[in-house]
Each structure stands twice: as C-alpha cells, then as structure tokens.
Amino acid sequence: MVLRVENSPICARPQTLCETIKNMDLESLLPYPPADATPVAQLINGFLGFPDDSFSQKLE
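Residue 803 in my numbering sits at position 11 of the sequence shown, with consecutive numbering throughout.
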C-alpha cells in the first residue's frame, strides 16, 4: 500500500499496515491527480499476451 503524503510515499507491509495507518497524519494526505490508466492496462495486457485492443473494447 502506498499513499502520497507531502510528496513522500508511505509504504507498509501487511505486517505493519495496521500500525502505519494508526500513526499516519490523515490531514497531510494529498490526492493523486487524475490520470489515464489505459497505457498501463495496455502494457499489462501485452505482458499477459492479450490483444492490444482488449482493454479498450471493454470500456466501450
């Protein structure tokens, strides 16, 4: 799990997630800007051997 806090990521492993969430300052969280996930989905699909257009067809 990664959250952006004042431009610094906070990382936690499953073993430390509960403690990390308890200790984090929620007021310092900043949202990630909106982005187009299509290039990432196409890269993953290509890696998995799916056709290039399989992601875009599902969105239509």
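Even glycine gets a Cβ: it sits at the ideal position worked out from N, Cα and C.
Here the structure is a predicted model, which means the values were calculated and not measured.
Nearest-angstrom Cα separation, counted from residue j out to residue i
i	j	result
Pro806	Tyr824	22 Å
Asp828	Asn837	15 Å
Asp820	Ile802	Here residue 820 turns out to be Ser, not Asp, going by the sequence shown. For Ser820 and Ile802, the distance between alpha carbons rounds to 11 Å.
Glu811	Pro826	29 Å
Asp844	Ala833	9 Å
Three-state secondary structure assigned by DSSP to residue i
i	result
Leu840	helix
Leu821	strand
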